[in-house]
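Undergrad:
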Amino acid sequence: MVKYSFLMALLLILFISPSKTFAGSFGDKGNAGIPGHWYSGNTPIFIDQTKAPIVFIHGLNSSSATWWEANDMYQVAYQQGYETAFIDLYPTEDMWTNGALLAEKLAEIHQHFGRDLVLVTHSKGGIDAQSALVHHGAHSFVSNVITLSTPHYGSELADLAYSNWAGWLAGIVGGRNAATNSLQTGYMAYFRSETDPLPHARINPFYTVAGTSWGSFGSSLYWGGLYLRSYGQNDGAVTVKHSKLPYSQELAIGSWNHTTVKEGHATFQTFQNYLTTERMAIESTIESMDVVDPVHSDQIVRGGTIQGSGEVGEFTIENGVTSMTVDLLSDQHLPSLTLNGPNGEVLPIDIAYPDDEMFEGAFHHLFKVNAPKPGQWSIEANHAKNQAYLLTAVIDSSVDEFFTLDFEDTQIKKLHVQGNSSKINKQKTIYQAVATYTDKHGKQKSRSVPVSIASDGTMSLPFKKEGIYTLTIDVKSETKKAYPFERTFIKSVYVDHQGNLYY
Numbered sequence: 001m002v003k004y005s006f007l008m009a010l011l012l013i014l015f016i017s018p019s020k021t022f023a024g025s026f027g028d029k030g031n032a033g034i035p036g037h038w039y040s041g042n043t044p045i046f047i048d049q050t051k052a053p054i055v056f057i058h059g060l061n062s063s064s065a066t067w068w069e070a071n072d073m074y075q076v077a078y079q080q081g082y083e084t085a086f087i088d089l090y091p092t093e094d095m096w097t098n099g100a101l102l103a104e105k106l107a108e109i110h111q112h113f114g115r116d117l118v119l120v121t122h123s124k125g126g127i128d129a130q131s132a133l134v135h136h137g138a139h140s141f142v143s144n145v146i147t148l149s150t151p152h153y154g155s156e157l158a159d160l161a162y163s164n165w166a167g168w169l170a171g172i173v174g175g176r177n178a179a180t181n182s183l184q185t186g187y188m189a190y191f192r193s194e195t196d197p198l199p200h201a202r203i204n205p206f207y208t209v210a211g212t213s214w215g216s217f218g219s220s221l222y223w224g225g226l227y228l229r230s231y232g233q234n235d236g237a238v239t240v241k242h243s244k245l246p247y248s249q250e251l252a253i254g255s256w257n258h259t260t261v262k263e264g265h266a267t268f269q270t271f272q273n274y275l276t277t278e279r280m281a282i283e284s285t286i287e288s289m290d291v292v293d294p295v296h297s298d299q300i301v302r303g304g305t306i307q308g309s310g311e312v313g314e315f316t317i318e319n320g321v322t323s324m325t326v327d328l329l330s331d332q333h334l335p336s337l338t339l340n341g342p343n344g345e346v347l348p349i350d351i352a353y354p355d356d357e358m359f360e361g362a363f364h365h366l367f368k369v370n371a372p373k374p375g376q377w378s379i380e381a382n383h384a385k386n387q388a389y390l391l392t393a394v395i396d397s398s399v400d401e402f403f404t405l406d407f408e409d410t411q412i413k414k415l416h417v418q419g420n421s422s423k424i425n426k427q428k429t430i431y432q433a434v435a436t437y438t439d440k441h442g443k444q445k446s447r448s449v450p451v452s453i454a455s456d457g458t459m460s461l462p463f464k465k466e467g468i469y470t471l472t473i474d475v476k477s478e479t480k481k482a483y484p485f486e487r488t489f490i491k492s493v494y495v496d497h498q499g500n501l502y503y
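Residue 1 is where the sequence shown starts when you use full-length UniProt numbering, and the numbers rise one by one after that.
1) By how many angstroms is the C-alpha of Ile424 removed from the C-alpha of Val321?
2) Under a Cβ-count criterion, where at least 16 other Cβ atoms within 10 Å of its own Cβ denotes burial, should Ala210 be classed as buried or exposed?
3) Over what stretch of residues does the alpha helix (DSSP H) that includes Leu160 continue unbroken?
4) According to DSSP, which residues form a beta bridge with Phe191?
5) Using a threshold of 8 Å, state whether the C-beta atoms of Ile379 and Leu328 are closer than that.
6) On the criterion of 16 or more Cβ atoms from any shown chain inside 10 Å, does Lys465 qualify as buried, or is it exposed?
7) Quick one: grab the DSSP three-state call for Val261.
8) Tell me the residue span of the beta strand (DSSP E) that contains Leu251.
9) Please say whether Leu106 and Val142 have beta carbons closer to each other than 8 Å?
10) Rounded to the nearest angstrom, how far is the Cβ of Leu119 from that of Ala129, given a contact under 8 Å?
11) For the alpha helix (DSSP H) holding His365, just list the boundary residues, first then last.
12) In angstroms, rounded to a whole number, what distance separates the CA positions of Lys476 and Gln427?
13) To the nearest angstrom, how far is it from the Cα of Tyr190 to the Cα of Leu347?
14) Where in the region 266–334 do unbroken runs of the beta strand (DSSP E), each at least 3 residues long, occur, reported from the N-terminal end onward?
15) Which complete alpha helix (DSSP H) runs does the region 60–112 hold, if anything under 4 residues is left out?
16) Do you know how far the Cα of Phe217 is from the Cα of Lys368?
17) With respect to the alpha helix (DSSP H) encompassing Ala178, which residues constitute its N-terminal and C-terminal limits?
18) Cα separation between Pro53 and Arg279?
19) Within 8 Å, do at least three Cβ pairs link the region 254–274 to the region 195–204?
20) Taking three-plus beta-carbon pairs below 8 Å as touching, is the region 369–376 in contact with the region 331–345?
21) On the DSSP bridge assignment, give the partners of Glu478 in chain order.
22) Please work out which residues of its chain come closer than 6 Å, Cβ to Cβ, to Asn98, disregarding the five sequence neighbours upstream and downstream, and give them in chain order.
23) At the level of alpha carbons, what is the spacing between Asp396 and Ala179?
24) Tell me whether Asp116 sits in a helix, a strand or coil according to DSSP, three-state version.
25) Tell me the DSSP bridge mates of Asp392?
26) Drop a sphere of 10 angstroms on the beta-carbon of Asp456, count the other beta-carbons inside from all chains shown, and report buried for 16 or more, exposed for fewer.
27) What residue from Ile306, His242, Ser219 has the CA that sits closest to Leu334's CA?
28) Which two residues bound the contiguous alpha helix (DSSP H) that contains Tyr153?
29) Compute the distance between the beta-carbons of Gly232 and His258, then report whether it is under 8 Å.
30) Check for me: the beta strand (DSSP E) holding Tyr207 runs from which residue to which?
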């Protein structure tokens, strides 16, 4: 009986696990696997030659194990009779490096299975896959491509990581690397211009899936969803709008978050009909994409270092705010923080938890306040000397859309912060702008570049050196009822070697 139980346990392990595994899952600090290694799953009992072998491709800060550790995606694929393969790419490299590596390995995997492959990709893995197919010649090995919450037009969270306010923290926790640098919206606009017009971009049909859930208050993706809500529906890491391509077919937008969108029981049936060796005909409902629509900010961003006990991250909110959520992201857990209000309010932390996404290694401290009093608020830090922090206050205001960030013709090289004259006192409005520069590979240390901004909110962008300029724009003003308030806009711009700007 003991021998029989042991044999059954062994068979179960073989059934649910690929032939080789490494510790690590999406966003975890495990062994991320060895870049360039790929592993085939177990062979189904009956092989249907019309079913393409699936190659699963992971995303940022992840590894191949994301598809089977705390995830039933591999198990579901096996049960449905699909042969599978899993590859480890560089978890923090850009799409050019990973694309070249992936193209080489797709040739090997294609030879192993002897027929065309389908790629199922998560997050940045979809960008790495497109780089491999379009720029590195791997299109002939692949039929169709499924992208699960891929930021095809970049992530505003990557812009935030390179903003002026986030520099202290991101530099410590590793939020700045070649991968996050390449995911900035300005650089991804450049990648789209280099990719979409090429004939090879249309050879392999792309099918997209996006999510709209952030999880519960205090979950790992809640803060990301809150920050991104100014940009539209999102799954805590990627907006629905940026998950699309103009020549792709959108299969579904569902109540998944950035983690659950890659789970087998959640989405496998959504894309199963496209897992064929035949390249499926695209039925695109997306005729064109305009991803530089005007942006309204409902947030204030601050950052720096905590020098010891005292107030940090002061900010001012206006009257009529129905609620606000304040997050202090630090390189360490700081349990003694309090949120202090203008009338002597002292509020403890509602919840604290580690980040496992763009700021992996940092710690969130969340405060939720209903009907906050207008005036100056701040965080009180006790015994937290020399801690890096990033503070974001997301505001639900009865008077919204004070300001709009507008993108003018890139040839004019201007951005414009437009104030709503019916809601603000223009005479009391002050604009400040600064750009953080990084080279296109993210290898060079970031540095600040001054940006002039006129009294009407118009910015000329005299950027000449090739690279990414991440703009941080802070606005202070008064409402018509003389209540002071603040807002922050963050946007990256890429400048190519010819001086062309990409938003």
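The beta-carbon is built from N, C-alpha and C at its ideal position, and this holds for glycine as well.
TA: The answer reads as follows:
1) 15 Å
2) buried
3) 156–161
4) Paired residue(s): none; Phe191 is not in a bridge.
5) yes
6) exposed
7) helix
8) 249–254
9) yes
10) 5 Å
11) No alpha helix (DSSP H) holds His365; the beta strand (DSSP E) holding it covers 363–370.
12) 11 Å
13) 44 Å
14) 299–306, 310–317, 321–330
15) 73–79
16) 10 Å
17) 178–182
18) 13 Å
19) no
20) yes
21) Pro484
22) Leu89, Tyr90, Asp128
23) 32 Å
24) coil
25) In the sequence as displayed, the identity of residue 392 is Thr instead of Asp. Thr392 is bridged to Val301, Asp327.
26) exposed
27) Ile306
28) Premise fails: Tyr153 is in no alpha helix (DSSP H) and is neither H nor E.
29) no
30) 206–211
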